[in-house]
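Taking this note's numbering, the leading residue of the sequence shown gets 1, the next gets one more, and so forth. Virtual Cβ for every residue (Gly too), placed ideally from N, Cα, C. Fair warning: this is a prediction, and the values are worked out from it, not measured in the lab. First the structure, in the form of structure tokens, and then the observations on it.
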Amino acid sequence: MSRPVVLVDVDDVLADFYAAALRVAGEILGRDVSTESRTTWDIIDALGFTTAQRAAFKQAVGRSAFCASLSPCPGAQVGVAHLREIADVYAVTAPFHSLYWVSERDWWLAEHFGFTRKQIVHTEAKYLVAGDVFVDDKVEHVQRWVGRRTGAAVLWAQPYNADAFVGRAYRTGSWNVVAGLAAEACDGT
1 MSRPVVLVDV DDVLADFYAA ALRVAGEILG RDVSTESRTT WDIIDALGFT
51 TAQRAAFKQA VGRSAFCASL SPCPGAQVGV AHLREIADVY AVTAPFHSLY
101 WVSERDWWLA EHFGFTRKQI VHTEAKYLVA GDVFVDDKVE HVQRWVGRRT
151 GAAVLWAQPY NADAFVGRAY RTGSWNVVAG LAAEACDGT
């Protein structure tokens with residue numbers, strides 16, 4: 001029997017984008033935003049940036065070394081390693097529009113998780129990527145994937161998606177739950 005395919009988002013699932021983005025936002029806003037509660041996936045909307053602040057944030061996040069400097073999310077490396085024992089794991093990530101982002105993302109995923117370039121898909125159209133299990137923190141990505149695919153979808157639990165309902169998708173922040181879904185896909189149950 002073939003191994004199940006698990007598709008995993010990167011930012012705020014594997015990489016702690018939010019913590020790094022808050023540091024940048026604090027510099028732009030001139031205040032400590034490290035304890036701000038995030039009520040929406042889009043950090044720019046969550047912090048109420050002006051047009052000029054939005055541009056400054058996008059420029060800072062797109063600069064060389066930002067993507068490469070992200071820390072792995074707690075437990076993600078162990079979770080992915082465990083998944084690889086039972087499944088083929090692919091990173092499916094929406095690229096930030098920057099000269100450096102894609103190459104740094106590829107390097108980061110290889111360095112922290114051992115992904116090869118063949119195991120990384122850069123697309124904003126994640127719903128077009130087929131797999132047995134799809135994991136993402138953005139409600140809209142999960143909704144679109146669920147609408148087009150029959151596999152198990154996981155809305156990766158974050159405070160900003162706590163009230164979201166995505167049809168047949170699971171909501172969890174547990175790698176064990178994801179591994180269980182992959183095992184079910186492998187068993188054909």
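Along the chain, where does the beta strand (DSSP E) that runs through Tyr205 open and close?
No statement about residue 205 is possible, as the shown extent of the chain runs from 1 to 189 and does not include it.
Would you kindly work out how many angstroms separate the C-alpha atoms of Glu124 and Asp32, rounded to a whole number?
If I take the Cα positions, the gap works out to 31 angstroms.
Would you call Asp187 buried or exposed, if buried means 16 or more other Cβ atoms sit within 10 Å of its Cβ?
exposed
Would you mind stating whether Val166 and Ala182 have Cβ atoms separated by less than 8 angstroms?
no
Taking a contact to mean a Cβ-Cβ separation below 8 angstroms, would you say Val24 touches Val78 in this structure?
It is not a contact, given that the beta carbons lie outside the stated cut-off.
Is it buried or exposed for Asn176, if we count other Cβ within 10 angstroms and need 16 for buried?
exposed
Distance, Ala55 Cα to Val6 Cα
35 angstroms
Contact under 8 angstroms by Cβ, Val194 with Val13:
This structure cannot settle anything about residue 194, because the visible part of the chain is limited to 1 through 189.
What three-state label does DSSP hand Asp187 in the structure shown?
Three-state result, Asp187: helix.
To the nearest whole angstrom, what separates the beta carbons of Pro4 and Val133, a pair I think is in contact under 8 angstroms?
7 angstroms
Reference Ala15, options Arg105, Ala162, Arg148, Val129, closest by Cα:
Arg105
Strictly by DSSP, which residues pair up with Ala25?
Ala25 is not bridged to any residue.
Looking at the strands, I want to know which residues DSSP matches up with Ala15.
Paired residue(s): Asp11, Pro72.
Starting from Leu47, trace the alpha helix (DSSP H) in both directions and tell me its first and last residue.
43–47
From Ser174 to Pro159, what does the alpha carbon distance come to, in whole angstroms?
14 angstroms
What does Asp136 pair with, by DSSP beta-bridge criteria?
Asp136 is bridged by DSSP to Leu155.
Check whether the region 37–57 and the region 102–122 are in contact - that is, three or more C-beta pairs closer than 8 angstroms.
no
Sorted by chain position, which residues of the same chain lie with C-beta nearer than 8 angstroms to Glu184's C-beta, five sequence neighbours on each side aside?
Ala152
Just to check my reading of the structure: Ala20 and Ser64 have Cβ atoms closer than 8 angstroms, yes? What is that Cβ distance to the nearest angstrom?
About 14 angstroms; that fails the 8 angstroms criterion.
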